[in-house]
Amino acid sequence: LRLGFPTCLVRAALVCKRWLLHASDPAFLRRFRERNPPRLLGFCLRCPDGYSFVPLPQPPELAVPIRRATSSCAAAFAIKIHRIKHCRNGRLITNYFDGCTHHHAIMAPLLHGESATALPPIPLHSRDWARRAQVRFFEMFLPEDGGLHGITLLHLWMVGRKIYAEVCVLRSSGWGVPATAEMELPAQRYDEGFLDDMLPPVLGKVFMVTTSGTGYALGLDLATASFFTLELPVGVQSNYKLSCAEDSGLYLVSADGFQLSVWLHPMIGDDDGGANWRLVDTFCVHETCTRLVDRYWVPLYNFIAVDFVGDNAEFVILYHPASCIFFYVHLRNRVVEKVYQRPTPTAITPVYGRFHISPVMMTWPPIFPTLNKGHDQEE
1 LRLGFPTCLV
11 RAALVCKRWL
21 LHASDPAFLR
31 RFRERNPPRL
41 LGFCLRCPDG
51 YSFVPLPQPP
61 ELAVPIRRAT
71 SSCAAAFAIK
81 IHRIKHCRNG
91 RLITNYFDGC
101 THHHAIMAPL
111 LHGESATALP
121 PIPLHSRDWA
131 RRAQVRFFEM
141 FLPEDGGLHG
151 ITLLHLWMVG
161 RKIYAEVCVL
171 RSSGWGVPAT
181 AEMELPAQRY
191 DEGFLDDMLP
201 PVLGKVFMVT
211 TSGTGYALGL
221 DLATASFFTL
231 ELPVGVQSNY
241 KLSCAEDSGL
251 YLVSADGFQL
261 SVWLHPMIGD
271 DDGGANWRLV
281 DTFCVHETCT
291 RLVDRYWVPL
301 YNFIAVDFVG
311 DNAEFVILYH
321 PASCIFFYVH
331 LRNRVVEKVY
341 QRPTPTAITP
351 VYGRFHISPV
361 MMTWPPIFPT
371 LNKGHDQEE
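Given below as structure tokens:
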């Protein structure tokens with residue numbers, strides 16, 4: 001249990017058959033994960049000129065997976081990947097364009113010698129999304145184990161105040177029959193930025209981050225193919241992100257200026273109204289951020305933006321617009337680290353376009369060696 005890293009666990013399993021059986025025992029692995037949750041190795045950053053892998057400082061025990069992720073991502077990004085659709089459990093769904101067609105594949109940068117796996121062509125059953133929709137989303141989500149089967153495909157579009165969705169799940173036989181849903185939203189102005197982000201399915205539900213001060217997150221129940229709204233905590237209107245909670249719930253991390261707040265919403269039965277948000281923690285990161293980037297401080301941009309929240313609200317990636325700096329915050333111990341600074345725009349070297357982050361986590365559970373039945377394992 002004190003080894004601390006899954007890479008050490010795999011090395012221990014190589015000693016003998018008995019150690020392999022102990023290290024790979026499901027009950028032991030549950031205890032190991034509780035004590036040593038999977039670490040964030042780094043993130044794939046989409047800049048206006050393409051993707052790059054940005055590693056985070058790691059102990060020597062993780063040097064090999066970091067080198068492997070860096071080299072694998074560099075080779076994959078050389079083909080000009082258009083976008084990373086989703087990243088989970090050390091695997092990525094990538095989208096690239098060959099000049100005629102968009103192609104999707106799964107790549108596993110942490111696995112030695114594993115090539116990308118192409119996905120079947122994406123089905124487009126409904127064509128209504130192409131008719132002057134103000135909001136269009138096309139997302140793909142890996143299942144919890146990061147495998148091929150169980151990938152969820154979501155088409156979402158909006159016309160006026162009406163929002164539509166089409167959902168397919170990838171099975172061994174190919175894409176399943178699509179389920180469709182629609183809902184009329186409350187009366188207010190909706191623009192292209194109405195939907196800002198989506199969370200992978202949680203207990204069969206997809207949650208969407210809204211902007212424009214709506215006061216609610218949008219949800220889609222995959223089992224019943226129906227939309228619903230989830231009321232946000234009091235005082236939260238924008239600048240927030242959602243994450244899955246292991247104990248069947250939902251985390252929300254918001255920022256007001258430099259004050260971070262962490263909320264938990266237990267999902268009990270069909271209660272999705274949002275009345276039972278509970279404030280778990282709140283603290284200010286202004287002093288630490290100022291110390292890291294004080295010479296860039298500009299009062300006009302005196303706030304921090306929430307860019308990504310890890311599962312179980314283990315960490316959050318923050319972005320400071322004035323200094324063009326990304327911060328990593330470990331929410332449990334409140335440690336703040338500067339992890340990346342994008343080029344500062346100038347008249348000579350302007351930087352346009354949105355930066356997008358896809359965190360790369362250590363694979364879990366560890367991939368152990370298989371027993372060779374033809375030899376004495378103790379030997």
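When we follow the UniProt record's numbering, the leftmost residue of the sequence shown carries the number 1, and every step to the right adds one. C-beta atoms are modelled at their ideal positions from N, C-alpha and C, and glycine is treated no differently. No experiment lies behind these values; they were computed from the predicted model shown.
Residue j and residue i - do their beta-carbons sit closer together than 7 Å?
i: Phe207; j: Ala217; result: yes
i: Phe368; j: Ile304; result: no
i: Leu203; j: Met267; result: yes
i: Gln93; j: His82; result: The displayed chain sequence assigns Ile, not Gln, to residue 93. Against a cut-off of 7 Å, the Cβ pair of His82 and Ile93 comes out as no contact.
i: Val280; j: Val262; result: yes
i: Tyr319; j: Asp311; result: no
i: Ala75; j: Leu41; result: no
i: Cys168; j: Leu148; result: no
i: Met198; j: Glu114; result: no
i: Val309; j: Lys205; result: no
i: Phe141; j: Pro200; result: yes
i: Arg88; j: His356; result: no
i: Arg161; j: Glu184; result: yes
i: Pro120; j: Gly174; result: yes
In whole angstroms, what is the alpha-carbon distance linking residue i and residue j?
i: Gly90; j: Pro123; result: 26 Å
i: Phe326; j: Tyr164; result: 34 Å
i: Thr288; j: Glu314; result: 19 Å
i: Gln341; j: Asp145; result: 32 Å
i: Pro57; j: Phe28; result: 28 Å
i: Trp157; j: Glu166; result: 9 Å
i: Ala245; j: Leu230; result: 16 Å
i: Ile106; j: Cys73; result: 12 Å
i: Leu111; j: His22; result: 23 Å
i: Cys324; j: Val293; result: 10 Å
i: Ile84; j: Phe77; result: 10 Å
i: Thr290; j: Thr282; result: 18 Å
i: Pro178; j: Arg39; result: 35 Å
i: Arg35; j: Phe53; result: 27 Å
i: Val15; j: Cys8; result: 11 Å
i: Asn276; j: His265; result: 6 Å
i: residue 410; j: Ala322; result: In the structure as shown, the chain starts at 1 and stops at 379, and residue 410 therefore has no counterpart that could be examined.
i: His330; j: Arg136; result: 33 Å
i: Pro26; j: Lys17; result: 16 Å
i: Gly215; j: Val10; result: 47 Å
i: Val159; j: Asp196; result: 17 Å
i: Leu170; j: Arg334; result: 39 Å
i: Leu20; j: Ala255; result: 45 Å
i: Ser248; j: Cys100; result: 42 Å
i: Ala116; j: Gly150; result: 17 Å
i: Thr370; j: Ser24; result: 11 Å
i: Ser243; j: Pro143; result: 15 Å
i: Ile79; j: Arg278; result: 45 Å
i: Leu250; j: Asp49; result: 34 Å
i: Leu232; j: Ser172; result: 38 Å
i: Ala225; j: Val316; result: 31 Å
i: Asn302; j: Gly176; result: 48 Å
i: Asn372; j: Tyr51; result: 40 Å
i: Met362; j: Leu62; result: 9 Å
Check the DSSP bridge columns for residue i and list the partner residues they point to.
i: Gly90; result: DSSP output for Gly90 lists no bridge partner at all.
i: Ile357; result: Leu45
i: Glu337; result: Tyr328
i: Pro55; result: Gly42
i: Arg171; result: Gly174
i: Trp364; result: In the DSSP output, where bridge partners are listed per residue, Trp364 has none listed.
i: Arg278; result: Leu264
i: Ser243; result: Tyr251
i: Ile317; result: Phe308 and Tyr328
i: Ile163; result: Met158 and Met183
i: Asn95; result: Arg83 and His104
i: Phe283; result: Leu260
i: Glu139; result: Leu154
i: Thr117; result: Ile106
i: Gly4; result: Gly4 pairs with nothing; no bridge assigned.
To the nearest whole angstrom, what separates the beta carbons of residue i and residue j, a pair I think is in contact under 8 Å?
i: Phe194; j: Thr180; result: Contact flag wrong, Cβ pair sits at about 20 Å.
i: Val285; j: Leu260; result: 6 Å
i: Ser358; j: Phe43; result: 6 Å
i: Leu3; j: Ala12; result: 7 Å
i: Pro59; j: Ile66; result: Between Ile66 and Pro59 the Cβ distance is about 10 Å, and since that is not below 8 Å, they are no contact.
i: Pro37; j: Pro366; result: Actually they are not in contact, since the Cβ atoms of Pro37 and Pro366 sit about 13 Å apart, beyond 8 Å.
i: Ala118; j: His102; result: Not quite, the Cβ-Cβ distance comes to about 12 Å (not below 8 Å), so this is no contact.
i: Pro109; j: Val339; result: Going by Cβ atoms, the distance from Pro109 to Val339 rounds to 18 Å, so no, they are not a contact pair.
i: Arg33; j: Trp364; result: 7 Å
Minimum length 4: unbroken alpha helix (DSSP H) runs contained in the segment 180-240: Unbroken alpha helix (DSSP H) stretches of 4 residues or longer found wholly inside the segment 180-240: none.
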